[in-house]
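Report on one structure; see the data block that follows.
Residue numbers (the numbering used here): 9 to 241.
Printed below as a string of structure tokens:
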């Protein structure tokens with residue numbers, strides 16, 4: 009009887025050790041998936057019609073190449089020469105997280121989408137036509153900078169700053185949908201069918217807002233020490 013119990017004990021102990029060893033060398037499925045996702049993010053696999061650019065010259069060449077439909081800005085780039093191009097809503101330009109696109113000239117894209125996960129600094133003029141701008145990072149209009157658009161949509165889920173001396177014009181049927189943080193220390197003009205839409209974000213006005221056309225939402229949510237001129241009839 010004792011030998012039988014001793015034999016059973018040894019078998020049970022061996023089974024426990026085998027199970028413990030297997031458990032120590034097996035990662036949860038969630039952890040494996042997370043590591044795989046991080047690896048895929050770091051090692052982006054481009055499609056044939058996509059490209060990563062690291063200079064303004066490469067950006068211009070890709071944007072004007074109708075064979076390219078996806079551009080990733082993979083380094084800090086400053087645009088110092090005027091750039092305009094027209095697409096047929098077949099191009100997406102993405103500013104990757106950790107990278108900065110600085111616009112120090114006049115840029116005028118038409119018929120494309122721009123997605124920002126990094127930083128965009130506007131020292132010059134950034135005008136868009138029939139183009140969506142989706143911001144999940146940070147956009148800053150510096151002193152002397154101008155952002156305007158026609159028949160375009162801006163979706164702000166990140167941070168959007170207008171520095172003193174900077175200008176944001178929402179006009180010509182464009183809509184600025186704010187569900188992030190919009191801070192104005194400069195000047196915002198909403199006119200000519202333009203719309204500023206409040207969507208659970210915050211709007212702080214320490215500069216001047218001239219409102220001639222549309223504000224969607226509760227205008228009383230706008231805080232700050234600046235001036236709001238409501239010219240709507």
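The beta-carbon is built from N, C-alpha and C at its ideal position, and this holds for glycine as well. For clarity, every value in this text was computed on a predicted model and none was experimentally measured.
My assumption, with CB atoms under 8 angstroms, is that residue i sits in contact with residue j. Please give the rounded CB distance.
i: residue 89; j: residue 113; result: 5 angstroms
i: residue 131; j: residue 111; result: 7 angstroms
i: residue 235; j: residue 220; result: Their Cβ separation, rounded to whole angstroms, is 15 angstroms, which puts residue 235 and residue 220 out of contact at 8 angstroms.
For the candidate residues the options, whose alpha-carbon lies nearest to that of residue i?
i: residue 179; options: 80, 218, 97 and 157; result: 157
i: residue 169; options: 66, 236 and 188; result: 188
i: residue 144; options: 186, 63 and 57; result: 186
i: residue 216; options: 146, 148, 203 and 172; result: 172
i: residue 93; options: 138, 80 and 206; result: 138
i: residue 141; options: 211, 128 and 152; result: 128
i: residue 136; options: 115, 151 and 153; result: 115
i: residue 76; options: 164, 182, 218 and 57; result: 57
i: residue 212; options: 200, 122, 232 and 81; result: 232
Please report the distance separating the alpha-carbon of residue i from that of residue j.
i: residue 126; j: residue 195; result: 24 angstroms
i: residue 55; j: residue 191; result: 37 angstroms
i: residue 107; j: residue 84; result: 5 angstroms
i: residue 96; j: residue 65; result: 22 angstroms
i: residue 209; j: residue 175; result: 20 angstroms
i: residue 166; j: residue 146; result: 6 angstroms
i: residue 30; j: residue 53; result: With a pLDDT of 37 at residue 30, under the threshold of 50, the modelled position of that residue is not reliable, and the figure given next carries that caveat. The alpha-carbon atoms of residue 30 and residue 53 are separated by roughly 34 angstroms.
i: residue 184; j: residue 205; result: 6 angstroms
i: residue 41; j: residue 133; result: Interpretation of residue 41 is limited by its pLDDT of 37, a score under 50 that renders its predicted location unreliable; no figure is taken from the coordinates.
i: residue 149; j: residue 193; result: 10 angstroms
i: residue 59; j: residue 99; result: 11 angstroms
i: residue 222; j: residue 155; result: 18 angstroms
i: residue 68; j: residue 160; result: 21 angstroms
i: residue 239; j: residue 218; result: 7 angstroms
i: residue 229; j: residue 207; result: 11 angstroms
**Request:** Go through the region 78-109 residue by residue and report every complete run of the beta strand (DSSP E) that reaches 3 residues or more, in order.
**Result:** Runs of the beta strand (DSSP E) inside the region 78-109: 78-81, 85-87, 91-94 and 100-103.
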